[in-house]
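Per this note's numbering, the very first residue in the sequence shown carries number 1; after that it's consecutive. Okay, so here's the structure we're looking at.
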Amino acid sequence: MNRPSPNETSSADVTLSDVIRLALPFGTVVATRGGQPNKAINWVAALVDWQDLASQVQNNDLVIVPPALQARTSPAELEQNLAQLKAHNVAAVVTFGEVPAGATRVAASLALPLLLLPADSALRSVQQAIGALLLDRQAQTSDRGMQLYRQLSEMSREGKGLDAMTEMMSKLTGKIVAVQDKRLDIRAMAIPAGNRVDDKALREALIQRENLPAVLRNRKAAAKAVQAARSGQSFWQQLLPVENMGRIVSPIVSGDRARGYVSVVGPAGELDLLDTLVAEHGAAACALEMARAKAVSEAQKALRGDFLEGLLAGTLPPAEIERLERRLDHDTLQPHAVLTFGWVGDGGLSLRRLETAVNWLVSSHQRPALVHIYGGDHVCVFQALRGGDDLNVAHELDKRLREHLHSEYPGVRLYSGLAGPAMALADWPERHTQALQAMHLSERLQLLHLVEYNSLGVYQLLSQIDQLPAVQAFSKKIIGPLADYDQRQRGSLVQTIDAYFNFHGNVSQTAESLFIHRNTLLYRLERIQELTGQDLDQADMRLALQLALKVWQLRAG
Numbered sequence: 001m002n003r004p005s006p007n008e009t010s011s012a013d014v015t016l017s018d019v020i021r022l023a024l025p026f027g028t029v030v031a032t033r034g035g036q037p038n039k040a041i042n043w044v045a046a047l048v049d050w051q052d053l054a055s056q057v058q059n060n061d062l063v064i065v066p067p068a069l070q071a072r073t074s075p076a077e078l079e080q081n082l083a084q085l086k087a088h089n090v091a092a093v094v095t096f097g098e099v100p101a102g103a104t105r106v107a108a109s110l111a112l113p114l115l116l117l118p119a120d121s122a123l124r125s126v127q128q129a130i131g132a133l134l135l136d137r138q139a140q141t142s143d144r145g146m147q148l149y150r151q152l153s154e155m156s157r158e159g160k161g162l163d164a165m166t167e168m169m170s171k172l173t174g175k176i177v178a179v180q181d182k183r184l185d186i187r188a189m190a191i192p193a194g195n196r197v198d199d200k201a202l203r204e205a206l207i208q209r210e211n212l213p214a215v216l217r218n219r220k221a222a223a224k225a226v227q228a229a230r231s232g233q234s235f236w237q238q239l240l241p242v243e244n245m246g247r248i249v250s251p252i253v254s255g256d257r258a259r260g261y262v263s264v265v266g267p268a269g270e271l272d273l274l275d276t277l278v279a280e281h282g283a284a285a286c287a288l289e290m291a292r293a294k295a296v297s298e299a300q301k302a303l304r305g306d307f308l309e310g311l312l313a314g315t316l317p318p319a320e321i322e323r324l325e326r327r328l329d330h331d332t333l334q335p336h337a338v339l340t341f342g343w344v345g346d347g348g349l350s351l352r353r354l355e356t357a358v359n360w361l362v363s364s365h366q367r368p369a370l371v372h373i374y375g376g377d378h379v380c381v382f383q384a385l386r387g388g389d390d391l392n393v394a395h396e397l398d399k400r401l402r403e404h405l406h407s408e409y410p411g412v413r414l415y416s417g418l419a420g421p422a423m424a425l426a427d428w429p430e431r432h433t434q435a436l437q438a439m440h441l442s443e444r445l446q447l448l449h450l451v452e453y454n455s456l457g458v459y460q461l462l463s464q465i466d467q468l469p470a471v472q473a474f475s476k477k478i479i480g481p482l483a484d485y486d487q488r489q490r491g492s493l494v495q496t497i498d499a500y501f502n503f504h505g506n507v508s509q510t511a512e513s514l515f516i517h518r519n520t521l522l523y524r525l526e527r528i529q530e531l532t533g534q535d536l537d538q539a540d541m542r543l544a545l546q547l548a549l550k551v552w553q554l555r556a557g
C-alpha cells in the first residue's frame with residue numbers, strides 16, 4: 001500500500017474530522033483538538049520508535065503511537081516527542097488509553113490534536129480502518145454504518161436504553177439525533193455541545209405530523225415504503241421550518257407498520273452519507289430496542305394484571321399478594337385514587353385501545369399508576385396521590401384523557417368514575433367497587449364528565465335498589481303521568497320538575513334556566529301537582545316526588 005502524493009485539500013480529501021467519525025473506534029476521546037479539524041490527512045503512520053522521526057512520518061500524517069512504544073516512554077519523553085512531531089507538521093497523534101496530564105497540556109499548547117483510543121483497541125484494526133478510509137471513503141463509510149448497527153444492537157441487549165443509543169449516534173455524526181415513537185413523542189434526543197439551534201422550535205417542528213414526508217405520515221404506508229426500498233434507500237431527506245435546518249429521517253419499522261422515527265438533524269447543506277447510514281442503521285437498531293422494551297413492558301403488564309385481578313376478586317392468599325407486590329415496581333404504600341373508564345362510539349372501539357391511550361398518558365403524567373383491563377369490562381387505574389386528600393391529579397388525568405380521545409376518536413363518549421383515597425392496599429377492592437358504581441351511574445345518566453363516588457349522594461342508595469319491582473312501581477306511579485303528558489302534548493313537565501329541584505325550589509332561577517316566564521312556571525308546577533297527586537308544599541310529598549324522579553332518570557338512562 002503506497003503513500004499517495006501530498007496535495008492540496010479538496011472535497012475528496014479525508015480530514016481529521018472524517019477519521020474520527022468514520023474510522024476510529026467508538027469511545028475515542030479527543031483530548032486536544034488543535035485548530036484545524038478539516039485539515040486533510042496525508043497517510044497513517046505507526047511509529048516503530050522515537051528515533052529518526054523524519055524517516056517515519058511526513059507532512060500531515062496521522063501518527064499512531066503503538067501501545068508497546070507508549071508503555072516504554074516516560075512522561076517527560078512523551079512531552080518532548082510530541083513537540084518533535086509538531087515540528088514535522090503531523091496532522092494528529094493517536095495513543096491508546098490515557099496519557100499523563102503533562103502530555104495533554106503540551107499537546108494543547110502546541111495546538112496538536114491528541115486522540116485517545118480505548119485501551120483495548122487493536123493496533124492492526126485501527127490502521128486498516130484508517131487506511132481503508134483514505135483509499136475508499138464510500139466503502140469505509142458503509143462499513144462504519146454496519147459497525148454502528150452492531151454497537152447499537154449490543155447496547156440494546158445490555159439494556160442501556162434509547163438515551164444512550166441516541167447519544168452515541170449524535171457523537172458519531174456530530175449532529176442532533178432524535179428518536180420518536182409512533183405518536184411522534186420524542187423518546188430520546190441528543191444535541192451536541194455548542195449547538196445553537198432553537199431547541200424549543202426544533203422539538204415543536206419534530207412533533208408535527210405534517211412535517212414528516214407525505215409517505216411517512218401513515219404508519220402502514222411508511223412500513224411498505226421501507227420494505228419496497230430494501231434494495232435501495234430507506235431514508236428521506238427534507239428541510240425543516242427551523243433556521244434552515246434539514247434532517248434525514250428513517251422509520252423504525254416492526255411488522256407491518258412504523259413504530260417510530262429516527263431523525264439526524266443538521267444544517268441543510270452539511271448532511272452527508274454517514275448521516276444517512278446512521279439514520280437507517282439507527283432505525284433498525286431502535287426497532288430491536290423498542291421490541292425489547294415492549295417485551296419487558298408486556299411482562300410487567302401481565303404481572304400487574306395478575307396482581308390486580310387476584311386482589312380485586314379476592315382470590316389471592318395474603319402470601320401471594322405480598323410476593324407479587326414486591327415485584328410490581330410500584331409503591332403501593334402511598335394513598336391512591338381509583339378511576340374506572342369505559343367508552344362507547346362508532347368504529348369498533350375496544351378496551352385495548354382505551355387502555356393504550358391511558359397508558360400513554362400515565363407514562364408522561366406526574367404521578368405513577370397501575371393500569372389494567374379488569375374482567376374484560378372496563379379499564380381501571382390505581383393512581384398514586386401526593387397526599388391522602390388530594391384527588392386533583394386524578395381529575396387532571398381524566399381531563400387529559402378526554403382531550404386526547406376527542407382528537408383521536410371524534411364522537412366517542414367516555415364514562416368515568418372516581419373513588420378514594422385508598423389509604424392502604426386493603427382498601428383497593430372497596431374503592432374500585434365504588435369507582436365502578438360511579439362510572440355505571442355516569443353511563444346511565446349520560447354524564448360526560450368524571451363522576452366522584454363521594455358526590456353521588458342519594459344515588460349511592462338508589463343505584464343499588466332501582467331494579468326492585470316495588471321501587472320501579474313507586475317511580476312509575478308518580479312520574480309516569482308526567483312522562484305520558486309530555487309525550488302526548490309534547491310538553492316538558494319532567495324537565496321542569498327536575499330544574500325546580502336543581503334550583504332548590506327557587507321559582508325565579510328555575511324560570512330563568514328554562515327560558516320561560518315566571519307565571520308559565522307556576523302554571524306547570526300546578527299541573528305537575530295535579531298529575532302526580534303530590535303537594536310541593538308538604539316536605540314528605542316533595543321528597544317522594546324527588547326520589548321518584550331520580551329513579552325514573554336512572555331507568556331512562
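Where a beta carbon is used, it is the ideal one built from N, C-alpha and C, also for glycine. All values reported here derive from a predicted model rather than from experimental measurement.
> Who pairs with V371 in a beta bridge, going by DSSP?
Replying inline: Here the question's residue 371 lines up with position 371 in the sequence shown. Looking at the DSSP assignment, V371 forms a beta bridge with V381.
>> I'd like the list of long-range same chain contacts for H395, defined as Cβ closer than 8 Å, with 5 residues on each side in sequence excluded.
In response: Residue 395 sits at position 395 when you count from the first residue of the sequence shown. Taken in chain order, the residues that qualify are L418 and L450.
> Looking at the structure shown, is G97 part of a helix, part of a strand, or coil, going by DSSP?
Replying inline: Here residue 97 corresponds to residue number 97 of the sequence shown, with the count starting at 1. The answer is coil: DSSP assigns G97 none of H, G, I, E or B.
> Which word fits Q227, buried or exposed, when buried means at least 16 other C-beta atoms lie within 10 angstroms of its C-beta?
Replying inline: Here residue 227 refers to the residue found at position 227 of the sequence shown. The residue is exposed, with fewer than 16 neighbouring Cβ atoms inside 10 Å.
> Taking the C-alpha atoms as reference points, what is the distance between E443 and L202?
Replying inline: As a working note, residue 443 is residue 443 in the sequence shown. As a working note, residue 202 is residue 202 in the sequence shown. Computed Cα separation, rounded: 43 Å.
> Are there three or more Cβ pairs, one per stretch, closer than 8 Å when the stretch 330–337 is compared with the stretch 405–421?
Replying inline: yes
> Going by alpha carbons, who is nearest to P251 out of V507, A92, A31 and L277?
Replying inline: For this step, residue 251 is matched to residue 251 along the sequence shown. Out of V507, A92, A31 and L277, L277 has the C-alpha closest to the C-alpha of P251.
> Between P241 and the rest of its own chain, which residues show a CB-CB distance below 6 Å, the 5 nearest in sequence each way excluded?
Replying inline: By 1-based counting over the sequence shown, the position of residue 241 is 241. Excluding residues within five positions, the ones whose Cβ falls inside 6 Å are A205.
> My guess is that T141 and V264 are in contact by the Cβ rule of under 8 Å, so how many angstroms apart are they, rounded?
Replying inline: On the sequence shown, position 141 is the one that residue 141 refers to. On the sequence shown, position 264 is the one that residue 264 refers to. Their Cβ separation, rounded to whole angstroms, is 14 Å, which puts T141 and V264 out of contact at 8 Å.
> Is it right to say A548 is buried, meaning 16 or more other beta carbons lie within 10 angstroms of its own, or is it exposed?
Replying inline: To locate residue 548, count along the sequence shown from 1; it is residue 548. Buried, since its Cβ has 16 or more Cβ neighbours within 10 Å.
> CB-CB under 6 Å to G266, same chain, minus the five flanking residues each way: which ones, in chain order?
Replying inline: Position 266 of the sequence shown holds residue 266. Cβ within range, chain order: K175.
>> Once the 5 residues before and after A32 are set aside, which same chain residues still bring their CB inside 7 Å of it?
In response: As a working note, residue 32 is residue 32 in the sequence shown. Note that residue 32 is Thr in the sequence shown, not Ala. The residues are T104, A107, A108, L112, P113 and L114.
> Just checking my contact of L288 with S74 at CB under 8 Å: how many whole Å lie between their CB atoms?
Replying inline: Within the sequence shown, the letter at position 288 stands for residue 288. Within the sequence shown, the letter at position 74 stands for residue 74. Actually they do not touch by this definition, with Cβ atoms about 47 Å apart.
> When DSSP labels each residue in this structure, what does F341 get in the three-state scheme?
Replying inline: Along the sequence shown, one-based indexing puts residue 341 at 341. Three-state result, F341: strand.
>> Please state the DSSP three-state secondary structure of I20.
In response: Residue numbering aside, residue 20 sits at position 20 when the sequence shown is read from its first letter. DSSP places I20 in helix when its eight states are reduced to three.
> According to DSSP, is I41 helix, strand or coil?
Replying inline: Here residue 41 refers to the residue found at position 41 when the sequence shown is read from its first residue. In this structure, I41 counts as coil in the three-state DSSP scheme.
> Do W343 and R400 come within 9 Å of each other at the CB atom, strictly closer than that value?
Replying inline: Sequence index remark: in the sequence shown, residue 400 carries index 400 (1-based). Sequence index remark: in the sequence shown, residue 343 carries index 343 (1-based). Cβ distance not < 9 Å, so R400 and W343 don't count as in contact.
> Under 9 Å, do Q151 and M168 count as touching if we go by C-beta distance?
Replying inline: What you label residue 151 is simply residue 151 of the sequence shown in a count that begins at 1. What you label residue 168 is simply residue 168 of the sequence shown in a count that begins at 1. In this structure, M168 lies closer than 9 Å to Q151 by Cβ.
> Does DSSP put Y523 in a helix, a strand or coil?
Replying inline: By one-based count along the sequence shown, residue 523 stands at place 523. Helix at Y523.
>> Is the separation between the beta-carbon of A268 and that of G246 shorter than 9 Å?
In response: On the sequence shown, position 268 is the one that residue 268 refers to. On the sequence shown, position 246 is the one that residue 246 refers to. Cβ atoms of A268 and G246: closer than 9 Å.
> Quick one: Cα of L554 to Cα of H406, how far?
Replying inline: Translated into positions along the sequence shown, residue 554 becomes position 554. Translated into positions along the sequence shown, residue 406 becomes position 406. Computed Cα separation, rounded: 26 Å.
>> Output needed for P118: all residues of its chain with C-beta closer than 6 Å, excluding positions within five of it in sequence on either side, in chain order.
In response: What you label residue 118 is simply residue 118 of the sequence shown in a count that begins at 1. Excluding positions up to five away in sequence, the list reads P25 and G27.
> From D398 to N195, what does the alpha carbon distance come to, in whole angstroms?
Replying inline: The residue labelled residue 398 in the question sits at position 398 within the sequence shown. The residue labelled residue 195 in the question sits at position 195 within the sequence shown. Rounded to the nearest angstrom, the two C-alpha atoms are 39 Å apart.
> For T332, is the beta carbon positioned less than 8 Å from some heavy atom of the ligand MG?
Replying inline: Among the components modelled here there is no ligand, and therefore nothing to report on the ligand MG.
> Which residue from P368, V379 and H404 puts its Cα closest to that of V351?
Replying inline: Counting from 1 along the sequence shown, the entry for residue 351 is found at position 351. The residue asked about is misnamed: residue 351 is Leu in this sequence, not Val. Measuring from the Cα of L351, the nearest candidate turns out to be V379.
>> Our contact map puts I528 next to L482 with C-beta atoms below 8 Å; I'd like the distance itself, whole angstroms only.
In response: Taking the first residue of the sequence shown as position 1, residue 528 is located at position 528. Taking the first residue of the sequence shown as position 1, residue 482 is located at position 482. About 6 Å separates the two Cβ atoms, so the contact holds.
> Between the C-alpha atoms of T433 and E403, what's the straight-line distance to the nearest angstrom?
Replying inline: Sequence index remark: in the sequence shown, residue 433 carries index 433 (1-based). Sequence index remark: in the sequence shown, residue 403 carries index 403 (1-based). In a straight line, the C-alpha of T433 is about 26 Å away from that of E403.
> Going straight from the alpha carbon of E8 to that of I248, what length do you get?
Replying inline: The residue labelled residue 8 in the question sits at position 8 within the sequence shown. The residue labelled residue 248 in the question sits at position 248 within the sequence shown. Its pLDDT being 41, under 50, E8 is placed unreliably in this model, and the coordinates cannot settle the point.
> Helix, strand or coil: how does DSSP classify Q467 here?
Replying inline: Along the sequence shown, read from residue 1 onward, the residue named residue 467 stands at position 467. Coil, per DSSP.
>> Tell me the DSSP secondary structure of P318 in three-state form.
In response: Within the sequence shown, the letter at position 318 stands for residue 318. Three-state DSSP puts P318 in a helix.
> Where do the ends of the beta strand (DSSP E) carrying I191 lie?
Replying inline: Counting from 1 along the sequence shown, the entry for residue 191 is found at position 191. No beta strand (DSSP E) holds I191; DSSP gives it neither H nor E.
> Going along the chain, which residues of its own chain have a beta-carbon closer than 7 Å to the beta-carbon of T510, five neighbours each way excluded?
Replying inline: Numbered from its first residue, the sequence shown carries residue 510 at position 510. Contacts found: A499, Y500, F503 and L521.
> Contact check, L303 vs L328 under 8 Å by CB: the rounded distance?
Replying inline: As a first step, residue 303 must be located in the sequence shown, where it is residue number 303. As a first step, residue 328 must be located in the sequence shown, where it is residue number 328. With 8 Å as the limit, L303 and L328 qualify as a contact, their Cβ atoms being about 7 Å apart.
> Roughly how many angstroms lie between the CA atoms of A23 and D143, to the nearest whole one?
Replying inline: Within the sequence shown, the letter at position 23 stands for residue 23. Within the sequence shown, the letter at position 143 stands for residue 143. Those two C-alpha atoms are separated by around 9 Å.
>> Quick check on E270: does DSSP put it in helix, strand or coil?
In response: Translated into the one-based positions of the sequence shown, residue 270 becomes position 270. Three-state DSSP puts E270 in a helix.
>> By alpha-carbon positions, which one of E452, G282 and A223 ends up nearest to G255?
In response: Position 255 of the sequence shown, counting from 1, holds the residue named residue 255. Cα-wise, what sits closest to G255 is A223.
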